[in-house]
Amino acid sequence: MSIYEAVRSKVNLRMAAERYGMDIGKNSMVRCPFHDDRTPSMKLNNKYYYCFGCGAKGDVISLVAEHLSLSAADAAQRIADDYGIETMKISVNSKLNFYKEKQKRRDRCARVLCDYNRILRKWMTDYAPKTADEKLHPRFAEACRMLEVTEYMAELLDTGTMEEQNEVVDDLFCNNCIEHLEKYIKENKE
Ligand SMILES: [Zn+2]
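Residue 9 is where the sequence shown starts when you use our numbering, and the numbers rise one by one after that.
Pasting the structure below:
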């Protein structure tokens, strides 16, 4: 949520007008700050205002901006500060955490794929059949079956588009695949 959205959704326009020193008369009418208004011709509501004199209309931010001669950004910040609205910081933080978490998942996948590939490559040579009629060792069979796929996944994770990277991460995190692999790697590391 942006600071504008937060202020708009949380602050009552009429109460803010009063707080910032506008003189509110009968029926929530005030003298319009947008034109030289002798008699109150602006109507304040909870979320918006409307001037019967000059047609000015808007939300709490534009009203406070005009009344206090501030830019919209400064007015929004001023209101957020005065009302103790901190969503801006919260949303930046939660965005940051989201990206950190994503990065952590991606790094974990890269590590697992790298470890697994190292094992598979070793099996590929260590357990290769010595003769043509020798029965295939299950480790060699696994290396033949998996190595191409997992190397491709590692490559996508390293150099693929954001979508490809996300897909690899999702694949590995699906059904706790990543935890099984980590356990499997631990058991098979030499
Ligand atoms: Zn007006």
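A virtual CB, placed ideally from N, CA and C, is assigned to each residue, including glycine.
These numbers were taken from a predicted model, which means no experiment stands behind them.
Within its chain, find whatever has a CB closer than 7 Å to the CB of Ala-84; leave out the 5 residues flanking it on each side and keep chain order.
-> Indexing the sequence shown from 1 puts residue 84 at position 76. Ile-11, Tyr-12, Val-15, Ile-69, listed in sequence order.
Do Trp-131 and Glu-150 have their C-beta atoms closer together than 8 Å?
-> In the sequence shown, counting from the first residue as 1, residue 131 sits at position 123. In the sequence shown, counting from the first residue as 1, residue 150 sits at position 142. Yes. Within cutoff.
Straight-line gap, Lys-34 to Leu-104 (C-alpha atoms, nearest Å) = Numbered from its first residue, the sequence shown carries residue 34 at position 26. Numbered from its first residue, the sequence shown carries residue 104 at position 96. Going from the Cα of Lys-34 to the Cα of Leu-104 covers about 48 Å.
Between the Cα of Lys-194 and those of Val-177, Leu-121, Glu-159, spot the shortest distance and give me the residue it belongs to.
-> Position 186 of the sequence shown, counting from 1, holds the residue named residue 194. Among Val-177, Leu-121, Glu-159, the Cα nearest to that of Lys-194 belongs to Leu-121.
From His-188, Tyr-192, Val-157, Leu-21, pick the residue whose C-alpha is nearest to that of His-75; which is it?
-> Position 67 of the sequence shown, counted from the first residue, corresponds to residue 75. That would be Leu-21, whose Cα lies nearest to the Cα of His-75.
Would a C-beta distance cut-off of 8 Å place Leu-78 and Cys-117 closer than the cut-off?
-> Here residue 78 is taken as the residue at index 70 of the sequence shown, counted from 1. Here residue 117 is taken as the residue at index 109 of the sequence shown, counted from 1. No, the Cβ-Cβ distance between Leu-78 and Cys-117 is not below 8 Å.
Return yes when the C-beta of Met-9 is under 7 Å from any heavy atom of ligand 1, and no when it is not.
-> Taking the sequence shown and counting its residues from 1, the one referred to as residue 9 is at position 1. Result no, Cβ not under 7 Å from ligand 1.
What are the boundary residues of the alpha helix (DSSP H) that includes Lys-51?
-> For the purposes of this step, residue 51 is taken as the residue at position 43 of the sequence shown. Element bounds for Lys-51: not the alpha helix (DSSP H) but the beta strand (DSSP E), 50 to 52.
Contact shell at 5 Å, judged by CB to any heavy atom of ligand 1, ordered along the chain = Cys-40, Phe-42, His-43, Cys-59, Gly-61, Cys-62, Ala-64
Are the CB atoms of Ala-88 and Asn-125 nearer to each other than 8 Å?
-> Your numbering for residue 88 matches position 80 in the sequence shown. Your numbering for residue 125 matches position 117 in the sequence shown. Taking 8 Å as the Cβ cut-off, Ala-88 and Asn-125 do not qualify as a contacting pair.
Mind checking which residues open and close the alpha helix (DSSP H) that includes Tyr-91?
-> As a working mapping, residue 91 is identified with position 83 in the sequence shown. Residues 80 to 91.
When the distance is taken between beta carbons, is Asp-45 closer than 8 Å to Gly-29?
-> Locating residue 29 in the sequence shown gives position 21, counting from the first residue. Locating residue 45 in the sequence shown gives position 37, counting from the first residue. It is not a contact, given that the beta carbons lie outside the stated cut-off.
In the DSSP assignment, find the alpha helix (DSSP H) that holds Tyr-160 and state where it starts and stops.
-> By 1-based counting over the sequence shown, the position of residue 160 is 152. Segment 146 to 167, the alpha helix (DSSP H) holding Tyr-160.
What are the start and end residues of the alpha helix (DSSP H) that includes Tyr-210?
-> With the chain running from 9 to 198 in the structure shown, residue 210 is simply not present.
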